[in-house]
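A quick write-up on the structure given underneath.
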Amino acid sequence: GVHTGLLDATRSEDELAGVVAHEVAHVTQRHIARAIHANSRQSILSTAMMLGAIIVAAAGGSSDAVQGAMAVAQGTAIQQQINFTRTNEYEADRVGIAALADAGFDPYGMASFFEVLSRQTTTSPEMRAPEFLRTHPVSSARVAEARSRAREYGAIRSDDSTGYGIARMRIIVSHFDTAEEAVAYFEKRPYANQTDAERYGRAVAYQRAGRYWDALDIYKDLLEKDKSVIAYHIGLGQTLVALDQPRDARATYERALELFPRNVPLVLDYGERLLQLGEAQKAHAMLLDLMNNVPPTPEQVRLIARAASEAGEAAEAYYYLSEYRLMIGDLSGGIGYLQQALRLPELQEIQRIRFEARIDFIREFMSEEQLRMMPREEPVGTSARNSG
């Protein structure tokens, strides 16, 4: 997947696309399946050579000869694996560069990123292993080969997307130990000479440094130029809340929701701001609408549990916490939260029926050992209640 370290290492979206295209090529060319098949054939050859060494030993051969034969067997297997891996890497480069060009990215992006890796090879001790031992060898020959392939398609001018620039700026801000250092980094260049992505990074740095009025001016400037960037709306809303301007903050988020209904990052951030403003009931309703229409992540479910709890809806909060435990694979924990909900005196009958049915459903996926570990004194669903 694409992670922060990869985004940080790349200098352009073309380079990032080059890495992704290379990895996708490994999948489309079935390199993993082919590697498994090749390894099975190599293991047969290695076993045969090992047996030969054992036969030599049984026939009274010298120990040096036996050790030599076994070393040859092991070395042959390792060399075949290395050759296979290197062949796959070059094939992934070739297919990936073609995919880059077809997608409208600069085909030189892959070679450009290889040069970045090559420089890291000389500065990072963990990457100083000999080329033939590396699974992703980055040599001058490989860079030259990638550039030669790219020349077949010609350079394609492609500007970085706004999303790439924003993600990279947030990573840069997070690198600094203090907010003041981040501010100093972005203030090195005059504001007028900065790209919109750099200005966004500057606003984020100002936010973290508590310079909310400075951040506010930048977000307003960015939104005036481009209202299609969700991060600008979120940044402005956060800043207005920090400046104790709740009415303007709500208006900012509501306008954004009209443009981007049920956008996950936007709804989650607005939900957090509503909780911050003491509007838990509205946050709960909005987050529930999102949950019912967009498959949630575990963190989304935790947030809606918090909203329900702060809105005074304890039973629903327990239900959401149960769902969170299920999403992370804790079936017993999921039942535990539902059992806590069933003990609430204010529990409505419809909720009781729903929670007990959910417990019965969860129990169907639990092993006998897990069921035995459940506390005996606790209710475990309608089946247990009806048998009592």
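Going by our numbering, the first residue of the sequence shown is number 1056, and it counts up by one from there.
Think of the CB as a built atom: it goes at the ideal place given N, C-alpha and C, for glycine as much as any other residue.
{"Asked": "Backbone secondary structure at Glu-1368 - three-state DSSP", "Found": "coil"}
{"Asked": "Residue range of the alpha helix (DSSP H) that includes Gly-1391", "Found": "1386-1397"}
{"Asked": "For Glu-1253 and Gly-1220, the rounded distance between their alpha carbons", "Found": "8 Å"}
{"Asked": "Every unbroken alpha helix (DSSP H) within the region 1242-1301, with a cutoff of 4 residues, ordered by chain", "Found": "1251-1263, 1267-1280 and 1285-1297"}
{"Asked": "Cα-Cα separation, Leu-1358 to Glu-1170", "Found": "43 Å"}
{"Asked": "Glu-1424 versus Asp-1385 - alpha carbon distance", "Found": "14 Å"}
{"Asked": "Beta-carbon contacts of Phe-1241 that lie in its chain and below 6 Å, excluding the five residues immediately before and after", "Found": "Gly-1256, Arg-1257 and Ala-1260"}
{"Asked": "Host alpha helix (DSSP H) of Gly-1060 (start-end)", "Found": "1059-1064"}
{"Asked": "Pair within 8 Å by beta-carbon distance, Ala-1370 and Ala-1396", "Found": "yes"}
{"Asked": "Inter-stretch contact at 8 Å, needing at least 3 Cβ pairs: the region 1287-1300 / the region 1264-1271", "Found": "yes"}
{"Asked": "Given Gly-1218 as reference, the closest of Ala-1166, Leu-1312, Tyr-1287 and Val-1198 once Cα atoms are compared", "Found": "Tyr-1287"}
{"Asked": "Coil, strand or helix - Asn-1348 by DSSP", "Found": "helix"}
{"Asked": "Closest by C-alpha distance to Asp-1063, when choosing among Glu-1078, Phe-1168 and Asn-1143", "Found": "Phe-1168"}
{"Asked": "Three-way DSSP call (helix, strand, coil) for Gly-1220 in this model", "Found": "helix"}
{"Asked": "Contact under 8 Å by Cβ, Glu-1144 with Gln-1084", "Found": "no"}
{"Asked": "Between the CA atoms of Thr-1250 and Gly-1159 - distance to the nearest angstrom", "Found": "22 Å"}
{"Asked": "Leu-1446: first and last residue of the uninterrupted alpha helix (DSSP H) it sits in", "Found": "No answer is possible for residue 1446: the residues shown for the chain start at 1056 and end at 1443."}
{"Asked": "Local conformation of Gly-1164 per DSSP, three classes", "Found": "helix"}
{"Asked": "Contacts around Phe-1410, its chain only, beta-carbon distance under 7 Å, and the 5 residues preceding and following it disregarded", "Found": "Tyr-1374, Leu-1393, Ala-1396 and Leu-1397"}
{"Asked": "Pro-1316 - DSSP class collapsed to helix/strand/coil", "Found": "coil"}
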